[in-house]
Structures are given as C-alpha cells and as structure tokens.
Amino acid sequence: MAHKYTEEERQFIIENAKGITTFQLTELFNIKFQSDLKRSQIRAFLKNNGIRNEICSQFTKGCIPYNKGTKSICKANRCSFKKGHIPVNYKPVGYERVDEDGYVLIKVQDKGTWPERWRPKGSVMWEKYHKKKVPKGYVVIFADQNKLNFAKENLIVISRNELLVMNRKKRFSENSDITKVNINISKLDIKIMEKRKK
C-alpha cells in the first residue's frame with residue numbers, strides 16, 4: 025500500500041538521504057517515525073523526487089577485487105565443465121538437421137555465430153557444384169519445391185528481388201520447368217518496373 029508522506033517525513037528524507045544507503049535511511053526513518061516502511065518504498069520516494077544519495081556504488085579505477093590472489097575458492101563439482109569437455113548436445117561438422125520450415129541445415133564449422141556455423145544445405149551444395157560462393161543479395165531455391173532434392177539442376181540462384189516477385193505472384197511450381205520459366209518472367213517484370221521508374 026502506498027504511504028502518504030507528511031511534510032516532516034519528506035523533509036527528514038531530503039535532509040538525511042545524502043551519504044547513506046537506502047537500507048540505512050529506511051532504518052533511520054522507521055526509528056524516527058515509528059513506522060515499518062520497506063526499503064523499496066524509500067527507494068521509490070527518492071527516485072520519484074529526484075533525490076540521490078551520491079554514493080558511488082560502481083567499481084572505480086584501481087579498485088582491488090575482494091578475491092584477488094585467491095585460487096579455486098570453490099572446488100569443482102560434478103556440474104563443472106572440465107578442460108576439453110564436449111557437451112552432450114555437440115554436433116560434429118557435417119551434421120545435418122531439418123529446421124521448422126523443412127529446410128536441411130548443415131554444420132560447416134565449430135566456431136563463429138549460429139549462421140556462420142549452420143548453413144542451408146541447398147546453398148552449400150550449389151557452391152560445391154559451381155565452385156563459387158552464392159553472390160551477396162542472392163538466394164538458392166529448389167526448382168521443384170522439394171526441399172530434399174539437392175540435384176544440381178534443381179538448385180537455382182535468384183536475386184532477392186526476383187524471389188519477392190515470385191512469391192507475390194505465386195509463381196513457384198512443383199514442375200521445375202514452369203518455375204524456371206516463371207523466374208525469367210519475374211526478371212522481365214523487374215526490368216519493366218525499373219524502366220517505369222526512370
């Protein structure tokens with residue numbers, strides 16, 4: 025329940041806030057006014073009224089940590105990781121998994137961010153077939169919409185603009201030949217739009 029401060033109580037807090045902690049101020053306040061306010065209530069009053077105790081609670085330059093010079097205060101327990109420990113859920117490079125959208129992801133390295141470690145298998149296979157990286161701003165799609173068909177002729181690189189047009193116009197087909205024709209139509213649509221903008 026919110027406490028309604030009297031003018032005397034307000035003045036007491038303002039005069040005594042500097043140089044002491046909110047814990048000490050709460051104790052002083054409760055003794056003086058025979059109340060049982062919580063520390064959080066006093067802290068809220070200070071915050072709401074813009075009153076600072078001016079105590080620097082941050083570590084300052086040259087501050088010596090309390091545990092300096094100590095080594096292994098706590099002994100290792102059964103939950104502690106030991107040097108060279110391999111987690112139970114560790115997956116080796118080359119491991120494959122299927123994400124929630126049905127795409128196969130393959131682990132390509134152990135270090136780095138998640139996208140650096142795990143890559144779509146379609147992109148990895150396209151790069152293997154063509155011996156070059158997928159260009160920036162481009163994506164690999166499956167011509168027949170089968171996310172498990174990694175045949176060379178089924179993996180096509182298209183720009184993100186082309187992907188946008190293909191999705192908007194619903195031009196993807198389970199027939200790979202139709203998809204390839206629709207990609208060319210989408211490229212033409214983009215050229216027409218670019219001409220109109222000029």
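Take any residue in the sequence shown, count from 1 to its spot, add 24: that is its number in the numbering used here. Using N, Cα and C, we set each Cβ at its ideal position, and we do this for glycine too.
For residue i, I'd like the list of residues in its chain whose CB is within less than 8 angstroms of its CB, leaving aside the five on either flank, ordered along the chain.
i      : result
LEU129 : GLU120, ARG121, VAL122, ASP123, TRP142, ARG143, PRO144 and LYS145
PRO116 : LYS131
GLU151 : LYS157 and VAL158
Applying the 10 Å Cβ sphere with the 16-neighbour rule, what's the burial state of residue i?
i      : result
VAL164 : buried
ILE88  : exposed
ALA26  : exposed
LEU212 : exposed
ASN178 : buried
Hey, out of the options, whose CA is closest to residue i's CA?
i      : options                           : result
VAL189 : GLU198, ASN173, LYS171 and ILE209 : ILE209
SER200 : ILE214, ILE216, ASN173 and MET217 : ASN173
PHE36  : ILE207, VAL181 and LEU70          : LEU70
ILE232 : ASP168, ARG34, ILE207 and LEU179  : Residue 232 lies beyond the residue range present for the chain, which begins at 25 and ends at 222; the question has no answer from this structure.
LYS215 : GLU31, VAL158, SER104 and SER183  : SER183
THR46  : ILE207, ARG63 and ASN73           : ARG63
Can you name the start and end residues of the alpha helix (DSSP H) that residue i belongs to?
i      : result
VAL205 : 200-221
PRO139 : 138-141
LYS152 : 145-154
PHE36  : 31-40
ARG63  : 63-72
May I have the straight-line CA-CA distance separating residue i from residue j, to the nearest angstrom?
i      : j      : result
SER147 : GLU186 : 17 angstroms
ILE110 : ASP134 : 12 angstroms
CYS80  : ARG67  : 16 angstroms
LYS193 : MET149 : 27 angstroms
ASP168 : LYS160 : 23 angstroms
ASN40  : GLU51  : 12 angstroms
HIS154 : VAL205 : 21 angstroms
ASN191 : VAL158 : 20 angstroms
CYS103 : ASN113 : 15 angstroms
GLY86  : GLY93  : 15 angstroms
To which residues of the same chain is residue i closer than 7 angstroms at the C-beta, ignoring the five residues directly before and after it?
i      : result
ASN54  : ASP60 and LEU61
GLU17  : Lying before the first or after the last residue shown, residue 17 is absent from the chain, which here runs from 25 to 222.
GLU198 : ASP168 and GLN169
Taking 6 angstroms as the limit between beta carbons, can you name the residues of its chain near residue i, skipping five residues before and five after?
i      : result
TYR127 : PRO144 and LYS171
Between which two residues does the beta strand (DSSP E) harbouring residue i extend?
i      : result
ILE55  : No beta strand (DSSP E) holds ILE55; the alpha helix (DSSP H) holding it covers 46-57.
LEU179 : 179-183
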